[in-house]
Structure formats: C-alpha cells, structure tokens
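Residue numbers (the working numbering), protein chains in the order written: chain C, 83 to 361; chain P, 3 to 465. Every residue gets a Cβ at the ideal spot worked out from N, C-alpha and C, and that includes glycine. Note that this is a predicted model, so its numbers are computed, not measured. Read through the structure below, which is laid out as structure tokens, and then see the notes.
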Amino acid sequence: MARVTEIREIAPNVHECMVNAPEIAAKVRPGQFIIIIPDEFSERTPITVADWDPAAGTITFIFLSIGSSTEKLADLVAGDEIYSLTGPLGKAFELGKFGRVALVGGCYGIGGIYPAARALKELGNEVICYSEARSKFLLYWDEKLEEICDEVRYSTADASKGNRGHSHDRLQYDLENGTRYDLVIAVGCTFMMYCISQVTKPYEIKTIVSMNPIMIDGTGMCGACRIEVDGTTRFACVDGPHFDGHKVDWNLILARRKAYLEEEIVSQERKNYGESQSH
Amino acid sequence: MAKVSPTKTPMREQPAAERIRNYDEVPFGYSPEEAIFEAQRCLMCKKPKCIAGCPVEIDIPGFIQFIAEGDFKGGINRIKEKNILPAICGRVCPQEEQCEKECILGVKNEPVAIGRLERFLADWEAQQGEAELPRKPRPTGKKIVIVGAGPAGITAAADLVRLGHRVDMFEALHEPGGVLVYGIPEFRLPKSIVFREINYLERLGVRIFKNHVIGMIKSIDELLGEYDAVFLGTGAGLPWFLNVPGENLNGIYSANEYLTRANLMKAYLFPKYKTPIVKGRRVVTVGGGNVAMDCARTALRLGAEQSIILYRRSRQEMPAREEEIHHAEQEGVIFKLLSTPAAFHGDDRNWLREVECIRMKLGEPDDSGRRRPVPIPDANYRMPIDVAVIAIGNSPNPLIPNTTPDIETGKWGNITTDPATGKTSKPGVFAGGDVATGAATVILAMGAGKVAARSIHDYVMGR
C-alpha cells in the first residue's frame, strides 16, 4: 500500500506529491509512468514519474488538478494511503550519448523531463532544457533543473521570465540562429508536443514525444490509448508512451483527448452541488 | 419411479422489460424444491459421460445424487473437491457444449440442468454463512507464484495451496478476478459472488498482491529467484480492430474498454463513480460471441434506445451461447446479420455519426467449418449510430512476452505451452488460459489452471 509522505502545491494548481513506494522506486526508469486511483470512486489516472529515491523508497510525481480524480488526489495529505498505485508502466526513454539534447517541458512535463535530463547529463550529453508556463509564478523546479543540466531556457506568455511566448517559439528562434540538436524530447500537453514536432521537422532533428492519451487499465488490455504512428495503430501504454513526433497522427489525438469533456463537467457539478441523488 | 420430465425445470428470471432498466442478475436460481425436482431427473448412469465433458472433471452424478436426497452440504463438498468456483461456473460455463452435451437424457429430451444445479448449491452454501475450509494440508515448503488473478490463476492457486504449497498471487489491476471482474457484467455474474470466491481463496492461505504488473515491477527471472515455480495466467491483451476507415473516431470502443469502463470502473453508476462512458442512443456492437452479447445488453442498461448487433455470418454460425443470444433477443437487442462495417463516418468534431455496412451472403465452409461470409457487391447501406463497440476478439496480453525475451511465443503473441502440462519453453514457468490459447472461455482457462497445477506440483516435488 502506498502512503503519501509529502504533498504540496508548488504553483497554482500544480501539485508535487511524494509517496512511499520502495518497489517502484527501485525499478522506475526515466519516462515511465504510474497509474493512481486516489479513492474507490475515482478513475485510473496515469501520471509520469518525475523523481525517485531508491534508498529512501520514495517516488515523486507532479500533477495538475484538472478533473475530479486529480482533485481527489490533491486533497490527500501526508500520511494518507492511496487507494491504488501501480507502476512502473510504459517503456522508458531510450537514452544514450547523443551529443547535444534539448528537453522541452510544459505543465506536468517540467517534472516529466527532469529524470531524463539528469540521466542524459550523466551519460555525457550536453543538455539544454526548455521550460514554459503562462507566467513566472506558474513555473516550478527551476533550480532543480538548473542544477542538473547545462542551461534552462524559459518561455512565458507574459515575458515575466525568459522569452515571451512558448517553448516552440524559443526553439524555433534557436534553430534559426544556428543551434543544432541531435535529439529533442518533449513532455507536456499534446498541443505543445505537436508544436515542437512541427518546429523540428524541417531541421530533421529526431523528436521524441511522450504521448498521454486516455487510458483505462494501462496494461495492454483495453485499447483506449490507441494512436496512429506512421499509419499503424499503436498503444501508448505498452508500445509507448514515447513515439517519434514526426510520425504521430496529431489530428486524431487532439480530437480523441476531448472525448469526455461533457462527462467531466457532470462529475464536477455533482461534486460542487453535493451528491443528493441516490444513484 | 415417477415419469421423468422431458424438459429442464425452468429457472425463474427477471422479466426482460424490467431487467433492462437495472444491473441486477437476470435469472433468480432454483429454490430447494426446484433443485431436488431437477436432480431427480438424473439417471445416475453407471458410466457417466457428463464427467468427461467437464474440463475440471467434477463428479456430476455424485453431487446431483446429494441434491436429490436433500443433502446440499454433501453436494457442495463433492463439487469443491474439483472446482473452487462453482457459483461462477454454474453461471458462465457453456454447459450445453460440455457436461450437458454428453447427458444421456439429452439424446431424446433436454439434458439435466447441471449448470443450474451447480449454481444452486454454491448459492445455497453462501446463504449458510462462511464456507467451511478443508482440512489444512501438511506444508511442503515449496513456494509458487501465480501471475494474474483471473480464472486460470485462481484455479491453479486453489489446487496448489490445498496441496500444501505456499502460494502468492500478483494481480495487475486494483481488484482480483480478471475477466470475471472487468469483463463479465454484473447482471450476468454479480461481483459479490466473485469476491466471495476470492475471499475463500485467501482464507485457504493464498496471498494476493494487487497493483503489481509483473514484467514491469518484477521480471520472470526475478520471480524464479524467489519461487520454485511460476504460473502465468495473464489473460487477454490488446483488442483486435476491424481496420476500416474511421475506426478511431470518438464513440468507438473496443469491447475490452467498453466493458472495463462499465464493470471494473463502474461507469454504470456514473457520476458516483467517476469513470465516464459514452451512453449513446443507437449503439452498434460488432461481433457474434458472448462478449458481443454482453456489450449489447450493457448498452441497453446504459439507456440506449436501440442496441444493434452486426454479425457477418448468420445466426446459426454465431459463437455466443444460445442462452446469451436468447437473453439478448428477449431484451430487444436488434440483430443485423450478414452485415459488417465497411467504414465509420464522423462529424466535423470527430464524433461517430454513421456506420456503413457491407451486406454478406454465405459461401463455402472455411477452416472453422462455418460457412464463409462473402460480400455482396454494390449493396452497402448506412445507419445512423453514435456509439460502436468492436467485439471481434483480442490477442493475448503482451506484457510478459515483451519483457521475457527467452520465452517462446506463437503466431498471435500467445505463450507457447504443452497443453497436457502447461509447460512453457522456460524451465519452471507454466502458463494457461487466454495468454496461452487466445481468447476462450472461463472454464477452459480454469481447466488449464488445473492441468498446470498438477504438473507444477510434480515439478516442485521433483517428480
């Protein structure tokens, strides 16, 4: 049973949670995820593992409170037991010595790129991280990233830190001005990863994106997380979650992610107005 | 002796119009009087053929004799010598193709309702309070690990623990039970029954570790370092799709996803349970097996105005059990036979709106002995729908083969086993159920679990 050891809101709506899960901490590799069910009624929620400490037996993950299940998760306090936590799941990043690598993180992905950045640096790569948010106060783990990579390039929509705009604007600028990368990894919202893939394509830079489609079991059984890569159906939970960003069918993914918007609104309303009906 | 009734004693059930509005079980089961009456139909053959028809070799005339005499406790004990899951098997086994098919009464009349009698005893026992445990066996000192808490794993675990082995069981999901929990709907197999049987297993001494995906958290080689033998019952894997245009539109589910949302995640109780499901007014299920029937009947209970089954052959070739087809028909499921999707069409928001179907006719028999469906040219038609469920089968779960490079696999990604022993190509590793055979039935998985348990016992005892 996994117990929460620390949980805090590190930026508005962004939560950092550390749980005691020694078996997972001993096994997890950069890019893998876990599935959490905060309580009996909640959904199985896949979340990228952002950090871990095998000696202490803990894992850390970052999540945004954006639906009823992640809200439940955000309500947990240190000492609480998590109803269900399963991992590690998915394939790890294929890491090695590539040369100069850019890692792009947005929302939960800032935490998501951290373990890959650390491992790539240890493998002798030059590692540049791109971190983005709407404003400075929504960024997190700045120092943590700066500590382990060669440089962090920030982008904010209001120019309160780093460049004005998005990471893909900054990456575009850098590429236009002669920076060359041997590999780009992007972790974050689908639209960001799509934009990054568009930017790197003309330069033919290998670009790995960490897909986050809807999953149910996450163990290769239900097929909900199917996406199309290079014209074939792939399953993000067991074949991924990392795929070549230049080969992913982005239109399909952007459409599929919005499938349950109406139900999410019902879930939220029911929560706000109390569960008076005996369903 | 009174003249034997030519037909099975009928089992009372919820009226169709009522039951499609709830998720409660459809048949009510026999009363003690009905059970005794039905048991007295059994001829108590000297050389019973029914036992040979049972994958787990229950002493069928033996337990029926007990019922006929009104000794229900004796009856359930006789079943449990061979089968730890009678409440489940009595409900979901295809008896008409197994024990009941062999029944001598069936030659001229209807066979004895063996499944209903098995179910009766199991339910009777549950009403008596906690089931009695068998005598504790002498410990062998051997440790066995079961991967996957579905029908194959549960059966293997029960047999092995009763032989005195220490048995640990790892389950990937947050509830044990496998397909009994995520797949088969509540109205066909109430989950309280599954949990009762699993509880019995734990009382026998089996330790169950949920939320453990073997292959990821532990490799098979690591398990072999800790245990004397490994049994893999990891079950079904990725669903098959039709590979037709538009299949990735919103509103199209695999049967595994549709049923997992509805059953394991309890989407039928949404929004109390937070996992959503697209309910749909016109739901099409593609396929003709038991899983397709489960999906079509689930759709009705989720509020569909029309639940339609598309099957590419005729009713005669449908692989589903007659009882399941009959229940679906009673409930108003519409069968569009000799039809298969050619394409799905969506709206500008990528939501499913229409299915385009090919009309088929039956040609020559194929390898399976069933007449092959042949498309009729220029006869395509379209139907407006808002949900489609693809229930045409699945491959075995890929996780163990993917993470265990030295285990031999077959054409479909199934783990290769010797069906007589459950042995895989890797020493000390046994397998059974869907992961070995591809999608099949609960009882066949249980039979495979039994076979494997026997050879695991021989293996760890050095025989």
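P/I60 carries a coil assignment under DSSP once its states are collapsed to helix, strand and coil. Exclusion of the five residues before and after P/T287 leaves A294, C297, A298, I311, V391 and A393 as the residues of its chain whose Cβ lies within less than 6 angstroms of its Cβ. Rounded to whole angstroms, the gap between the alpha carbons of P/G395 and C/D264 is 42 angstroms. For the region 295-324 of chain C, the beta-carbon criterion of a distance under 9 angstroms to any beta-carbon of chain P is satisfied by I298, D299, G300, T301, G302, M303, C304, G305, A306, R308, I309, E310, T315, F317, V320 and D321. At least one beta carbon of chain C lies nearer than 8 angstroms to the beta carbon of P/Y275. From the beta-carbon of C/L155, no residue of chain P is found nearer than 9 angstroms; the closest lies around 12 angstroms away.
Apart from sequence neighbours up to five positions away, the residues of its chain that approach C/S237 with a beta-carbon distance below 6 angstroms are E214, G244, N245, G247, H248, S249 and R252, ordered along the chain. Counting C-beta pairs with one atom in each stretch, the region 375-390 of chain P and the region 213-226 of chain P have fewer than three that are closer than 8 angstroms, which means they do not touch. Boundaries of the beta strand (DSSP E) harbouring C/Y212: E208 to A215, taken from the DSSP string.
When DSSP reads this structure, C/Y165 sits in no beta bridge, so it has no partner.
C/V86 has its alpha-carbon roughly 42 angstroms from the corresponding atom of C/R262. No Cβ-Cβ contact shorter than 8 angstroms links P/A160 with P/Y461.
For C/I141 against C/A103, the beta-carbon gap comes to about 5 angstroms, under 8 angstroms, which counts as contact.
Along the region 241-262 of chain P, the positions whose C-beta sits under 7 angstroms from a C-beta of chain C are P241, F243, N250, N252, S256, N258, E259 and T262, read in chain order. Remark: C-beta atoms of C/F175 and C/H324 approach each other more closely than 8 angstroms. DSSP places P/G451 in no beta strand (DSSP E) but in the uninterrupted alpha helix (DSSP H) bounded by V444 to V462. DSSP, read as helix, strand or coil, puts P/A174 in coil. Look at P/Q308 here: in three-state DSSP terms it is strand. Counting along the chain, C/D251 sits inside the alpha helix (DSSP H) bounded by residues S249 to E258. Listed as beta-bridge partners of P/M385 by DSSP are P/V357. Neighbours of C/S147 in chain P, taken as residues at a C-beta separation under 8 angstroms, are lacking, since the least C-beta distance is about 14 angstroms.
In summary, the residues of the region 384-401 of chain P whose CB is separated from some CB of chain C by less than 7 angstroms are N399, P400 and L401, in the order they occur in the chain. Just so you know, the alpha carbons of P/V6 and P/R43 end up roughly 6 angstroms apart. Taking 8 angstroms as the threshold, the shortest C-beta distance from C/L334 to chain P falls below it.
For P/V58, the closest of P/C91, P/V437, P/S33 and P/R323 by C-alpha to C-alpha distance is P/C91. Of the residues assessed, P/Y255 falls on the buried side of the cut-off, its CB having 16 or more other CB atoms within 10 angstroms. Closer than 8 angstroms to the CB of C/K329 there is not a single CB belonging to chain P. Cβ contact annotation for P/A344 (same chain, cutoff 7 angstroms, sequence separation greater than five): V246, E358, C359, I360 and N382, in chain order. Excluding sequence positions up to five before and after P/W414, its CB lies within less than 7 angstroms of the CB of S397, P398 and G440, all in the same chain and listed in chain order. P/F346 counts as buried, since at least 16 other C-beta atoms from the protein chains shown sit within 10 angstroms of its C-beta.
Among the bridge pairs identified by DSSP, P/A345 is matched with P/E358. With a beta-carbon spacing of about 17 angstroms, P/R283 and P/A264 fall beyond the 8 angstroms limit used to define contacts. Chain-ordered listing is empty here: chain C has no CB closer than 7 angstroms to the CB of P/M320, the nearest sitting near 23 angstroms. Scanning its chain for C-beta atoms nearer than 7 angstroms, with the 5 sequence neighbours on each side dropped, one finds around P/P403 the residues I409, T411, G415 and I417, in chain order.
Counting along the chain, C/P197 sits inside the alpha helix (DSSP H) bounded by residues G191 to E204. Secondary structure of C/L220 (DSSP, three-state): helix.
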